[in-house]
Amino acid sequence: MEILILAVVIALVAVGAISGLVVSSRKKKQLPPSAPSSTPTITAPPAEPQVGEDAAPTVEEPRRTIEEVALPEAEAAEAVVVEPEAPAAPEIEVPEPTAGRLVRLRARLARSQNSLGKGLLTLLSREHLDEDTWEEIEEILLIADVGVVPTQELVDRLRDRVKVLGTRTPEDLRALLKEELLTLVGTDFDRAVKTEGGVDTPGVVMVVGVNGTGKTTTTGKLARVLVADGRSVVLGAADTFRAAAADQLQTWGERVGARTVRGPEGGDPASIAYDAVKEGIAEGADVVLIDTAGRLHTKTGLMDELGKVKRVVEKHGPLDEILLVLDATTGQNGLTQARVFAEVVDITGIVLTKLDGTAKGGIVVAVQRELGVPVKLVGLGEGPDDLAPFEPEAFVDALIGD
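Start counting the sequence shown at 177; every next residue gets the next number (the numbering used here).
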């Protein structure tokens, strides 16, 4: 009996084992074939975000080499070590010599002035000089801003000399016209800009004029003229009413190594002018140039301020030169300005700017007659060295041409 029970148990165990093998075989047939085995890639787990940082992105970033990681640190270290370069000092320029400068600029003057000389020569060359011809000559002179009285004087002298001359060759007429124009312009004026000063004080030059005449630019160019002649210069930026006037003047000074004394915008012009002369004395400078505000001649209060600047500067000593800057293209309006300025300060010389443009050469004669003082400098262009000492002979040669 026991043997029979043992046989039944063994049989049941055998049947269960066979059934398990069959099920296991069926499950293996339903699974997809496994991929070929390879060495697994081990990657480091993403770093945990610190406080205040965003979680790392799910997309894995490309790995960087040691050199790439170290490069920003090296650049940062280099930025700390290298200091920024200081701005380079402006290069000091050497202005052109002033001797014969008007002769070198003669072509510019002749381009706009030849109509006067050539027109007169053409009319004087006519075989018969009747009243109509003389009226045309007068018209040319008046259009050239010579002025009524000087025009009449010149025409009268030409009438008399042409009668005496009789037959007139082109060479005779040219010589005659040159002689008479030189007489009209004046060759006996002292046209030197006074900059000598006293034993212990520099020469002091005050520059005045209306806005738009090129006054500040002329002051800067005059500094170049003086430096070219071997003088040391201090500039006084007393035009405190026009924005950037002091900056403009300082730029001119830096080009030739001249220091500029300046104050706050809207400050007291007389105080700045006084300080400029004081600084010039302390430095032992040869010349102090004072640029004043460009005042409209109709502004009585501003003109009074100009007189104040003059009085304050003269506490150091007398002014050597007061130059009036006039725009040569303004004609008779410039003469009106000249009269008013002459009533406030003692003008000693005239600077005519823009004489190479549409200006009429006769303004030289007219303004000298109006003020009784000479034209000392003329502006013949926009270049830094286009301010020239006025030379009557070179000027008249440019008027009548070759």
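Glycine included, C-beta positions come from ideal geometry on N, C-alpha and C.
None of these values were measured; they are calculated from a predicted model.
{"Query": "Roughly how many angstroms separate the alpha carbons of alanine 420 and valine 384, rounded to a whole number?", "Result": "17 Å"}
{"Query": "Is lysine 530 buried or exposed, if buried means 16 or more other CB atoms sit within 10 Å of its CB?", "Result": "buried"}
{"Query": "Could you check if aspartate 376 is buried or exposed, using at least 16 other CB atoms within 10 Å of its CB as the buried criterion?", "Result": "exposed"}
{"Query": "Are isoleucine 448 and glycine 439 touching if we call contact CB-CB under 8 Å?", "Result": "yes"}
{"Query": "My parser needs the beta strand (DSSP E) runs of 3 or more residues fully inside the segment 348-436; what are they?", "Result": "379-385, 409-414"}
{"Query": "Who are valine 463's beta bridge partners in DSSP?", "Result": "Gly379, Val409"}
{"Query": "In this structure, does DSSP put threonine 468 in helix, strand or coil?", "Result": "strand"}
{"Query": "Give a yes or no on whether the minimum CB-CB distance between glycine 379 and chain D is below 8 Å.", "Result": "Note that chain D does not occur in the displayed structure, where there is just one protein chain."}
{"Query": "Under the assumption that valine 543 contacts valine 361 (Cβ atoms under 8 Å), give the Cβ distance between them as a whole number of angstroms.", "Result": "Valine 543 to valine 361, Cβ: 11 Å. No contact."}
{"Query": "Check for me: the beta strand (DSSP E) holding leucine 499 runs from which residue to which?", "Result": "497-503"}
{"Query": "Assuming arginine 282 and alanine 570 are in contact, meaning their beta carbons sit under 8 Å apart, how far apart are those beta carbons, in whole angstroms?", "Result": "6 Å"}
{"Query": "Does the segment 551-559 come close enough to the segment 322-341 that 3 or more CB-CB pairs lie under 8 Å?", "Result": "no"}
{"Query": "If you draw a straight line from the C-alpha of glycine 396 to the C-alpha of leucine 500, how long is it?", "Result": "15 Å"}
{"Query": "How long is the line joining the alpha carbons of threonine 363 and arginine 337, rounded to whole angstroms?", "Result": "20 Å"}
{"Query": "Using the beta-carbon count (16 or more within 10 Å), is valine 258 buried or exposed?", "Result": "Any answer about valine 258 is weak, because its pLDDT of 49 lies below 50 and its placement is not dependable; what the coordinates show is given next. Burial call: exposed."}
{"Query": "Which same chain residues end up closer than 6 Å to threonine 298 when comparing Cβ atoms and leaving out the 5 residues on each side of it in sequence?", "Result": "none"}
{"Query": "Among all the DSSP beta bridges, which residues are the ones paired with glycine 555?", "Result": "Leu563"}
{"Query": "Sort Met479, Gly510, Ala413, Gly293 by Cα distance to leucine 352 and report the nearest one.", "Result": "Gly293"}
{"Query": "Are the beta-carbon atoms belonging to valine 464 and aspartate 451 less than 8 Å from one another?", "Result": "no"}
{"Query": "What distance in whole Å lies between the Cβ atoms of isoleucine 466 and alanine 414, which are believed to be in contact at a cut-off of 8 Å?", "Result": "5 Å"}
{"Query": "Pairs of beta-carbons, one from the segment 391-405 and one from the segment 482-497, closer than 8 Å: are there three or more?", "Result": "no"}
{"Query": "Suppose you measure from the CA of aspartate 308 to the CA of isoleucine 316; what does that come to, to the nearest Å?", "Result": "13 Å"}
{"Query": "Compute the Euclidean distance between the alpha carbons of threonine 343 and threonine 327, then round it to the nearest angstrom.", "Result": "24 Å"}
{"Query": "Taking the CB atoms as reference points, tell me whether glycine 442 and arginine 435 lie closer together than 8 Å.", "Result": "no"}
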